[in-house]
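Input: a single structure, listed below in structure tokens.
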């Protein structure tokens, strides 16, 4: 690792505010990655009904989508720290309530669905605020590295969290796993409470929330590169999420056995981690252009499935696909944080999230009937091709192709007043060199 890269990473870790944020997010992400597995088994064990599980999942997803715009306006209107602390505290209560019901043996569909509905509302406030708070903690020239570090927590959580949750479900029960999720939200709230309270104009001097939402829409539609890429994410999620999550396991089992699906998920996770380390060091003038080009190779796993490839090729495709998804994720988050005005970032992000996510349930509902009518392998192949085309289509826009990236230099780095200072700072923090900063997939491209 070159001295400046090491120094930048060390500076990020040593910054008290970013360190508290990173710690809180790491714990919260790990707990949240455990919850879906635990909740699924809890509902199935208590009711034996797939329909009840569907009700619980929909109960969380619908309010999340419905309140995203209000969440974005709130995060831009008030202190993002306050929004995050309150939302995480509320999530601790809702998940704690679910855990209490399960641990006490008093499962009720109405009660669990209601608590998950409230959790979905709170998540709608958390999601836009998280993207908006990072630029308040980190200099613009170091956003890419900060997003890489945060992505490392997200990716490792996605890999380890479900496995740990499965072990807890088998050994101590689903309630205990969800209780851990509740505790993780509480720890996150305590960590986030240590962040500085960013000043906002008096609420009495601000327009109404509806006006804020409209102004966010105006900012969104007047920024061509943002809505162009968001539309692409909408298409990607439409064709990819349902195909990968629903058809993926079934097609893999037909090709080479059920155990191969686990290998594919692990290979994809490894790709995410490897590209995160590479993106941390990358110096490029047009980051979003690179991210979209790399994002297109995220379609390879679907194409390989649709082409009836055998296990070695499937695993290779999954690894390469993880590389592409990782590059797209960090380039998108960093580009938004660099170029969208800070006062509107959460609102613009909420429109980005809403329009990206809204196609997910549509794809999940349609993939089964399409596979039945056309054949699962044909659907997977077509989905992969559409994924790749959708990922690169925004590059037809000059605004997307030419969007510049702020690159940290020795003169812009807050810790690089001299090479000697940078080397000294880097040496002062013991951070492993083996996994520097794996980055997550895009928050929108699932």
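Numbering (my numbering), first residue to last: 40 to 485. All C-beta atoms, glycine included, are put in the ideal place defined by N, C-alpha and C.
Nearest-angstrom Cα separation, counted from residue j out to residue i
{"i": "residue 360", "j": "residue 375", "result": "23 Å"}
{"i": "residue 146", "j": "residue 379", "result": "45 Å"}
{"i": "residue 354", "j": "residue 279", "result": "17 Å"}
{"i": "residue 371", "j": "residue 183", "result": "10 Å"}
{"i": "residue 277", "j": "residue 417", "result": "16 Å"}
{"i": "residue 236", "j": "residue 177", "result": "15 Å"}
{"i": "residue 289", "j": "residue 56", "result": "45 Å"}
{"i": "residue 268", "j": "residue 124", "result": "30 Å"}
{"i": "residue 404", "j": "residue 285", "result": "10 Å"}
{"i": "residue 62", "j": "residue 166", "result": "17 Å"}
{"i": "residue 68", "j": "residue 441", "result": "34 Å"}
{"i": "residue 462", "j": "residue 231", "result": "Unreliable positioning characterises residue 462 in this predicted model, as indicated by a pLDDT of 28, which lies under 50. The coordinate reading is nonetheless provided below. Their backbone Cα atoms lie some 30 Å apart in a straight line."}
{"i": "residue 438", "j": "residue 83", "result": "49 Å"}
{"i": "residue 433", "j": "residue 426", "result": "12 Å"}
{"i": "residue 332", "j": "residue 315", "result": "16 Å"}
{"i": "residue 365", "j": "residue 312", "result": "8 Å"}
{"i": "residue 119", "j": "residue 294", "result": "48 Å"}
{"i": "residue 266", "j": "residue 275", "result": "14 Å"}
{"i": "residue 111", "j": "residue 387", "result": "7 Å"}
{"i": "residue 323", "j": "residue 196", "result": "28 Å"}
{"i": "residue 87", "j": "residue 143", "result": "18 Å"}
{"i": "residue 406", "j": "residue 127", "result": "34 Å"}
{"i": "residue 302", "j": "residue 201", "result": "15 Å"}
{"i": "residue 122", "j": "residue 163", "result": "11 Å"}
{"i": "residue 211", "j": "residue 187", "result": "34 Å"}
{"i": "residue 203", "j": "residue 93", "result": "23 Å"}
{"i": "residue 174", "j": "residue 337", "result": "27 Å"}
{"i": "residue 385", "j": "residue 133", "result": "24 Å"}
{"i": "residue 287", "j": "residue 117", "result": "42 Å"}
{"i": "residue 412", "j": "residue 352", "result": "27 Å"}
{"i": "residue 260", "j": "residue 424", "result": "28 Å"}
{"i": "residue 246", "j": "residue 270", "result": "29 Å"}
Other residues of its chain near residue i: CB distance less than 6 Å, five sequence neighbours each side excluded
{"i": "residue 136", "result": "154"}
{"i": "residue 102", "result": "156, 159, 160"}
{"i": "residue 400", "result": "none"}
{"i": "residue 486", "result": "A question about residue 486 goes unanswered here, because the residues of the chain that appear run from 40 up to 485."}
{"i": "residue 199", "result": "none"}
{"i": "residue 78", "result": "none"}
{"i": "residue 248", "result": "112"}
{"i": "residue 299", "result": "291, 350"}
{"i": "residue 469", "result": "At residue 469, the pLDDT of 27 sits below 50, so the modelled position is not reliable; the number obtained from the coordinates is stated separately. There are no such residues."}
{"i": "residue 218", "result": "138"}
Close-in-space but distant-in-sequence residues of the same chain around residue i (CB under 8 Å, 5 per side omitted)
{"i": "residue 383", "result": "115, 254, 255, 258"}
{"i": "residue 54", "result": "176, 177"}
{"i": "residue 402", "result": "276, 277, 278, 279, 280, 281, 282"}
Reference residue i; option with closest CA among the options
{"i": "residue 172", "options": "336, 212, 381, 295", "result": "381"}
{"i": "residue 395", "options": "186, 311, 199, 429", "result": "429"}
{"i": "residue 390", "options": "272, 221, 65", "result": "272"}
{"i": "residue 104", "options": "70, 73, 62, 157", "result": "157"}
{"i": "residue 348", "options": "296, 198, 426, 432", "result": "296"}
{"i": "residue 149", "options": "358, 191, 91", "result": "91"}
{"i": "residue 189", "options": "265, 251, 70, 58", "result": "58"}
{"i": "residue 64", "options": "435, 275, 344, 222", "result": "222"}
{"i": "residue 345", "options": "263, 410, 305", "result": "410"}
{"i": "residue 373", "options": "66, 444, 260, 75", "result": "444"}
{"i": "residue 138", "options": "205, 187, 356, 220", "result": "220"}
{"i": "residue 179", "options": "352, 377, 76", "result": "377"}
{"i": "residue 397", "options": "93, 100, 246", "result": "100"}
{"i": "residue 325", "options": "367, 300, 350", "result": "367"}
{"i": "residue 233", "options": "408, 424, 60", "result": "60"}
{"i": "residue 109", "options": "260, 252, 408", "result": "252"}
Whole-number beta carbon distance between residue j and residue i, since they are thought to touch under 8 Å
{"i": "residue 369", "j": "residue 420", "result": "Not quite, the Cβ-Cβ distance comes to about 28 Å (not below 8 Å), so this is no contact."}
{"i": "residue 169", "j": "residue 393", "result": "Not really, about 15 Å apart at Cβ, beyond 8 Å."}
{"i": "residue 307", "j": "residue 358", "result": "7 Å"}
{"i": "residue 362", "j": "residue 414", "result": "Not really, about 29 Å apart at Cβ, beyond 8 Å."}
{"i": "residue 216", "j": "residue 73", "result": "5 Å"}
{"i": "residue 66", "j": "residue 185", "result": "Actually they are not in contact, since the Cβ atoms of residue 66 and residue 185 sit about 18 Å apart, beyond 8 Å."}
{"i": "residue 152", "j": "residue 208", "result": "With 8 Å as the limit, residue 152 and residue 208 do not qualify as a contact, their Cβ atoms being about 20 Å apart."}
{"i": "residue 224", "j": "residue 130", "result": "4 Å"}
{"i": "residue 356", "j": "residue 329", "result": "In fact, because the Cβ distance is near 21 Å, the residues do not count as touching under 8 Å."}
{"i": "residue 263", "j": "residue 71", "result": "About 33 Å; that fails the 8 Å criterion."}
Contact set for residue i: own chain, Cβ-Cβ below 7 Å, skip 5 residues either direction
{"i": "residue 422", "result": "278, 279, 282, 341"}
{"i": "residue 250", "result": "none"}
{"i": "residue 335", "result": "363, 427, 430, 431"}
{"i": "residue 205", "result": "76"}
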